[in-house]
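Comments concern the structure below.
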Amino acid sequence: MSSDQDHLKQTDTEERFDFKKDSKEAFRSEKGLTEETIRAISEDKDEPEWMLERRLRALKQYHEMPMPTDWPGQPDLSEVDVDEIVPYIRPDVDVRGGVDDWTELPDEIKDTFDKLGIPEAEKNALSGVGAQYESEVVYQNMQERWEEKGVVFCNMDEAVQEHEKLVREHFMTTCVPPSDNKFAALHGAVWSGGSFVYVPEDTTVDMPVQAYFRMNSEGMGQFEHTLIIAEEGSEVHYIEGCSAPKYSAFNLHSGGVEVFVNEDAHVQYSTVQNWSKNTYNLNTKRAIVEKNGRMEWISGSMGSKATMLYPSSILKGRGASDNHITIAFAGEGQNIDTGAKVYHNAPNTKSTIESKSISKDGGRTNYRGLVHIADGAHGSSTAVECDALMFDNESTSDTMPYMEINESTVDVAHEATVGKIGDEDVFYLQSRGLDDDDAKQMIVSGFIEPITEELPIEYAVELNRLVELEMEGSLG
Amino acid sequence: MSTQLPASISEETVTEISAERDEPDWLLQTRLDALAALDDLDMPSVIETPGRRWTNLEGLDYESLVDPLDQSDETERVTAEGVEVLDFETAVAEHPALLKEHFGSVVDPQTNYLTALSTALFTTGTVIYVPEGVDAEDVKVRAEMNSRSLFSHTLVVTEDNSSVTILERISNGDGDVDGDRYFSNLVEIVTGENSYVQYGSLQNLDEDVYNFTLKRGDANTYATISWIEGNIGSRLTRSDIETELTGDSSETKIVGAFFGHNDQHLDINARVWHHGEHTTADLVTRGVLDDEARSVYEGVQDVGRDAWDTSSYQRENTLMLSDDSEADASPKLIIHNHDTEASHSATVGQVDKEDLFYMTSRSIPENTARNMLVEGFFVPVLEEVEVDELREDIDDLIVARLD
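Next comes the structure, spelled out in structure tokens:
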């Protein structure tokens, strides 16, 4: 790898993520969180009464709940002042709910997504794309052949209108109720945009669908909601990408993801998260998996100032299974607190968790996981493996798994290792002509390979580039 | 603080305990400070996951459990050549300077509510002093508890280039007490350079005793502290075994074995802090649960910013014999220095069906086969025990429980 190529690649990627746009707004809510703000958002979206009621109830719960502050070693959230953020910005786009032709997007928004590489990905590898800018989805498209089979991929606001019965039944009721945690309640009050995916019985969507979330304005919060319903025997892969430019004020991202994996269905949910380093990423993601269903969570957490995110699966039906593959990279000033939660609530359920983390230049990563095996979940098994790679003694890497085992006929294993990058490995590569940086980069690429190989090639490339940039310390 | 101070405790009580033992002012003052701190101190931190606290220490009725002026124990102390093994009162009289220097230096009396309560009220305990160059084996402390509540404080001090193995055994005596009881045990170890301490403990209290124990050692340069912690008895045990690897090239081993049955609750914690360079820690715990017994395990390996060239390993395995039992575990790695090799692993499972089949197919009755497998499960832990008597005692208690 020549240094010229490196340089080109860096500038290319750096520009891809870290640029700002002057954007026009059609509607901007007041800062802070009051009933008036919630009513204004709901009215601007022309929502049915029941959704407004849910929002108001969530707002009430939000005010009643304390901030999470007493977890051992958790990120400092004292700077998170919800009254200082703008919860809702509707960009000035002609078509509410998003256009379905890329060329119809206003130039400044189109440019943004062009730079992020969304259109090429859509042409090449995806079944459908949704793109969210600030609080609203601005582009939404699904290949016709899937629409004909009854597959729905639309933005969440539209789903409230068009698929009211399904949404009313599933939206923040059993999977992620607002009472789950303070930020789930916040999300329930101010949510906007996001994706709705519905896959009918026995339908396999064999190319991934993708949503991309872009936060552009200073001091805003983004609260997109994703609801995926995979009916019996269906299969779908959903990919989510996120980014935001860097501003001096803090941004808040507090999304909600609910996945319903019905009998024999298979859902893969992949995320590559690269929020700018002033963003607090406090997300709630959960799947309910029925009999013999399979849920896979693949996540790469690169950006943000602080992340608290523990995608969770509730294995509700006999034989349900879960796979988690996560990678976290924390550079200077970053605190990535992430992990996985699995509740084995039925017999013969299986889960595997593979977690990798890299910390560098004072970054802090934490694997915080929970495996719960309920009384009666006999024949269940779980294997958790965490590996942490550290570059220096300014950085911190913690592993805090929790295991609650209420059943004897189970197989539970947890393993974690922490180590520095192998001096001998570096020496070996150097002796074959690589310089120190390239050698380390290559070792890191090998370290994260288990996750990159699960991702579609575009995402794998993106993740690798992001890691390379972090290694150079040249991002943000 | 949510727990109210038991009405039976006051400055007068504490002063009376201290005066009876003819204690120096500084010790009385330490007791009174601990008493005064009770209002502001929290219970030992307990693992929590959403919706539940894994051990309920707040729920105990300290008011009825603690009877400070009626403490009674029968403790046998066996010394070895060159080592001073003294009951606490004698040590106060004979080694005032040693006590003043080291008492509370490793276990801060105000660590939490229960350590402060123990410091304010302790009436029994042992001081073990190992002079420079002395190698001693088989120091024994066999304590029997004969009252509703008993508070004990043990201090071990080793000088440079010395070594000692200590066996502590805790059980109930013939004291005629009905109902719930409370036993509190604080142990601190101060080590000289290049000294070696193995401190083995076997707790086999009746199943109406609530048991709190905090043992902590500070390992000097080239020093090794090796802990064995066997927990068989009690209704509820909260046991914290901790080593601070302060000196360069210091080492520690924490070996735990527990066997819970009926509705016993065992909250077992093993923690190591790596401060010096080239330090090594090895944590091994094995436990078996039967009936409705419950175990909570936390293991912490904390590697400090300047702890270069650290090696730290932890393994925890739990065997569950009953569907009504529960095993909770949280092994934690907290790493601040990259020049570290650290790993932890935890497993929970049942008696291996194939092993059982293999043995029954060789005409061993199923029950016998199962018991042999459970006994065998403890072998990797028992192998670490250098004191023969301790190893045999633990094994005997395991066998007794299996019958």
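Residue numbers (full-length UniProt numbering), protein chains in the order written: chain H, 1 to 476; chain W, 1 to 403. C-beta atoms are modelled at their ideal positions from N, C-alpha and C, and glycine is treated no differently. Fair warning: this is a prediction, and the values are worked out from it, not measured in the lab.
Next on the checklist: Could you compute how far the alpha carbon of A373(W) sits from the alpha carbon of D39(W)?
Outcome noted: One-based indexing of the second sequence puts residue 373(W) at position 373. One-based indexing of the second sequence puts residue 39(W) at position 39. According to the sequence as given, residue 373(W) is Leu; it is not Ala. Cα to Cα, the separation comes out at about 48 Å.
Checklist entry - How far does the alpha helix (DSSP H) with V272(H) in it reach, from first residue to last? => result For the purposes of this step, residue 272(H) is taken as the residue at position 272 of the first sequence. Annotation: V272(H) is outside any alpha helix (DSSP H); the continuous beta strand (DSSP E) that includes it extends over H266 to N274.
Checklist entry - Under a CB-based cut-off of 8 Å, is P131(W) close to chain H? => result Here the question's residue 131(W) lines up with position 131 in the second sequence. It does not: the Cβ of P131(W) has no partner Cβ on chain H nearer than 8 Å.
Next on the checklist: For H225(H) and V257(H), what's the separation of their Cα atoms in angstroms?
Outcome noted: As a position in the first sequence, residue 225(H) is number 225, starting the count at 1. As a position in the first sequence, residue 257(H) is number 257, starting the count at 1. The straight-line gap from Cα to Cα measures roughly 6 Å.
Item to check | Alpha-carbon to alpha-carbon, T399(H) and A439(H) | outcome: Here residue 439(H) refers to the residue found at position 439 of the first sequence. Here residue 399(H) refers to the residue found at position 399 of the first sequence. One C-alpha to the other measures close to 27 Å.
Checklist entry - S408(H) CB to nearest chain W CB: under 8 Å? => result Start at 1 with the first residue of the first sequence, and residue 408(H) comes out as number 408. Yes, S408(H) lies at the interface with chain W (some Cβ there is under 8 Å from its Cβ).
Checklist entry - Taking any Cβ of chain W, which residues in the stretch 391 to 404 of chain H have a Cβ under 7 Å from it, in chain order? => result F391, D392, N393, S395, T396, S397, D398, T399, M400, P401, Y402, M403 and E404
Item to check | N181(H) - DSSP class collapsed to helix/strand/coil | outcome: Taking the first sequence and counting its residues from 1, the one referred to as residue 181(H) is at position 181. It is coil, neither helix nor strand.
Checklist entry - What are the start and end residues of the alpha helix (DSSP H) that includes P96(W)? => result By 1-based counting over the second sequence, the position of residue 96(W) is 96. P96(W) -> alpha helix (DSSP H) spans P96 to H102.
Item to check | Nonlocal neighbours in the same chain, by C-beta distance under 7 Å from N112(W), ignoring five residues either side | outcome: Position 112 of the second sequence, counting from 1, holds the residue named residue 112(W). For N112(W), same chain residues with a beta-carbon under 7 Å away, outside a window of 5 residues either side, are L41, D42, M43 and P44 in chain order.
Next on the checklist: So with CB distances below 8 Å, who are the chain C contacts of E424(H)?
Outcome noted: In the displayed structure, chain C is absent; the protein chains listed are H and W.
Item to check | Distance between E354(H) and I325(H) (C-alpha atoms, nearest Å) | outcome: Stepping through the first sequence from its first residue, residue 325(H) is reached at position 325. Stepping through the first sequence from its first residue, residue 354(H) is reached at position 354. When rounded, the distance between both Cα atoms is 5 Å.
Checklist entry - Cα-Cα, which of I128(W), E132(W), T246(W) and S149(W) is closest to K140(W)? => result What you label residue 140(W) is simply residue 140 of the second sequence in a count that begins at 1. Cα-wise, what sits closest to K140(W) is I128(W).
Item to check | Opening and closing residue of the beta strand (DSSP E) in which Y88(H) lies | outcome: Locating residue 88(H) in the first sequence gives position 88, counting from the first residue. From DSSP, Y88(H) is part of no beta strand (DSSP E); its letter is neither H nor E.
Checklist entry - Nearest-angstrom Cα distance between G32(H) and G51(W)? => result If you number the first sequence from 1, residue 32(H) lands on position 32. If you number the second sequence from 1, residue 51(W) lands on position 51. In a straight line, the C-alpha of G32(H) is about 30 Å away from that of G51(W).
Checklist entry - Whose Cβ in chain H lies nearer than 9 Å to the Cβ of G376(W)? => result In the second sequence, counting from the first residue as 1, residue 376(W) sits at position 376. Result: empty, since nearest Cβ-Cβ is about 18 Å, beyond 9 Å.
Checklist entry - Any idea which residues DSSP pairs D267(W) with across the strands? => result Numbered from 1 along the second sequence, position 267 holds the residue referred to as residue 267(W). According to DSSP, which records beta bridges pairwise, D267(W) is partnered with R238(W) and V296(W).
Next on the checklist: Would you say A342(W) lies against chain H (beta-carbon separation less than 8 Å)?
Outcome noted: Along the second sequence, one-based indexing puts residue 342(W) at 342. For A342(W), the answer is yes, since a Cβ of chain H falls inside 8 Å of its Cβ.
Checklist entry - Which runs of the beta strand (DSSP E), 3 residues or longer, sit entirely within the stretch 52 to 100 of chain W? => result 73 to 78 and 84 to 87
Item to check | Nearest-angstrom Cβ-Cβ length linking D206(W) and S162(W), presumed shorter than 8 Å | outcome: Working through the second sequence from its first residue, we reach residue 206(W) at position 206. Working through the second sequence from its first residue, we reach residue 162(W) at position 162. About 36 Å separates the CB atoms of D206(W) and S162(W); that is not less than 8 Å, and the two are not in contact.
Item to check | Close-in-space but distant-in-sequence residues of the same chain around residue 439(W) (CB under 6 Å, 5 per side omitted) | outcome: Summary: the structure shown does not reach residue 439(W), with chain W confined to residues 1 through 403, and so no result is reported for it.
Next on the checklist: Which same chain residues end up closer than 8 Å to T30(W) when comparing Cβ atoms and leaving out the 5 residues on each side of it in sequence?
Outcome noted: On the second sequence, residue 30(W) is found 30 positions in, with the first residue counted as 1. Taken in chain order, the residues that qualify are F103, G104, P109 and T119.
Checklist entry - Looking at the structure shown, is Y310(H) part of a helix, part of a strand, or coil, going by DSSP? => result Numbered from 1 along the first sequence, position 310 holds the residue referred to as residue 310(H). Annotated three-state conformation of Y310(H) is coil, per DSSP.
Checklist entry - With distances taken from CA atoms, which of S313(H), N348(H) and S321(H) is nearest A340(H)? => result Locating residue 340(H) in the first sequence gives position 340, where the first residue counts as 1. Nearest option by C-alpha distance: S313(H).
Checklist entry - Along chain W, in chain order, which residues have C-beta atoms closer than 8 Å to that of H414(H)? => result Within the first sequence, numbered from 1, the residue matching residue 414(H) stands at position 414. Annotation: Cβ neighbours of H414(H) in chain W (cutoff 8 Å, chain order): A329, P331, H344, S345, A346 and T347.
Checklist entry - Going by DSSP, what residues sit across from T243(W) in a beta bridge? => result Taking the first residue of the second sequence as position 1, residue 243(W) is located at position 243. Checking the DSSP bridge columns, you'll see T243(W) partnered with G217(W) and V272(W).
Item to check | Beta-carbon neighbours of G317(H), restricted to chain W and to distances below 7 Å | outcome: Looking up residue 317(H) in the first sequence gives position 317. By Cβ distance, chain W contributes nothing, its closest Cβ being about 20 Å from G317(H), past 7 Å.
Checklist entry - Between the Cα of P208(H) and the Cα atoms of R214(H), F183(H) and I239(H), which residue gives the shortest distance? => result Here residue 208(H) is taken as the residue at index 208 of the first sequence, counted from 1. The option with the nearest alpha carbon to P208(H) is I239(H).
Checklist entry - Cα separation between D423(H) and I268(W)? => result What you label residue 423(H) is simply residue 423 of the first sequence in a count that begins at 1. What you label residue 268(W) is simply residue 268 of the second sequence in a count that begins at 1. For D423(H) and I268(W), the distance between alpha carbons rounds to 37 Å.
Next on the checklist: At the 8 Å Cβ level, is A346(H) part of the contact set with chain W, yes or no?
Outcome noted: By 1-based counting over the first sequence, the position of residue 346(H) is 346. No, its Cβ sits nowhere closer than 8 Å to a Cβ of chain W.
Next on the checklist: On the criterion of 16 or more Cβ atoms from any shown chain inside 10 Å, does K316(H) qualify as buried, or is it exposed?
Outcome noted: As a working mapping, residue 316(H) is identified with position 316 in the first sequence. That one is buried.
Checklist entry - Which stretch, first to last residue, makes up the alpha helix (DSSP H) that contains M442(H)? => result Here the question's residue 442(H) lines up with position 442 in the first sequence. Here the alpha helix (DSSP H) through M442(H) covers D436 to F447.
Checklist entry - Smallest Cα separation from V176(H): which of N323(H), A416(H) and A58(H)? => result Locating residue 176(H) in the first sequence gives position 176, counting from the first residue. Ranking N323(H), A416(H) and A58(H) by Cα distance to V176(H) puts A58(H) first.
Next on the checklist: Beta-carbon within less than 8 Å of T360(W)'s beta-carbon, same chain only, minus the 5 sequence neighbours each way: which residues are those?
Outcome noted: For the purposes of this step, residue 360(W) is identified with residue 360 of the second sequence, where counting begins at 1. Counting only Cβ-Cβ distances below 8 Å, and skipping sequence neighbours, we find E366 and A369.
Item to check | Under 9 Å from the C-beta of K420(H): neighbouring residues of chain W | outcome: Counting from one through the first sequence, the residue named residue 420(H) turns up at place 420. The contacting residues are N337, H338, D339, T340 and E341.
Next on the checklist: Between which two residues does the beta strand (DSSP E) holding W71(H) run?
Outcome noted: Taking the first sequence and counting its residues from 1, one reaches residue 71(H) at position 71. Where W71(H) is concerned, there is no enclosing beta strand (DSSP E), because DSSP gives it neither an H nor an E.
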